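UniProt numbering puts the sequence shown at residues 1 to 59.
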Amino acid sequence: MAKSKSKKPVSHLIRLGPSSTVVVLPANLVRSLGWKKHQRVLIRRIARGIKIIDARTKQ
1 MAKSKSKKPV
11 SHLIRLGPSS
21 TVVVLPANLV
31 RSLGWKKHQR
41 VLIRRIARGI
51 KIIDARTKQ
């Protein structure tokens, strides 16, 4: 069976370990942001949500 094409993209939260949580984002959102596999990002909590930004590379 083919995957169903829902009209609204869905995000998920998955527990990876005792202290890690994974956020699954829709593929079209990740492509539009130009992110790559294993890219490092920083997550900041703001007043009404979260802010995700690129992490600076170690140099």
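Don't be surprised by glycine CBs; every beta carbon is placed ideally from N, CA and C. Here the structure is a predicted model, which means the values were calculated and not measured.
Straight across, the Cα-Cα distance linking Pro18 with Leu33 is about 29 angstroms. Closest in C-alpha terms to His38, from the list His12, Ala55, Ala47 and Leu13, comes Ala55. Arg45 carries a strand assignment under DSSP once its states are collapsed to helix, strand and coil. With distances taken between CA atoms, Ala27 lies nearest to Lys8 out of Lys8, Arg40 and Thr57. Between Gly49 and Ile43, the alpha-carbon positions lie close to 10 angstroms from each other.
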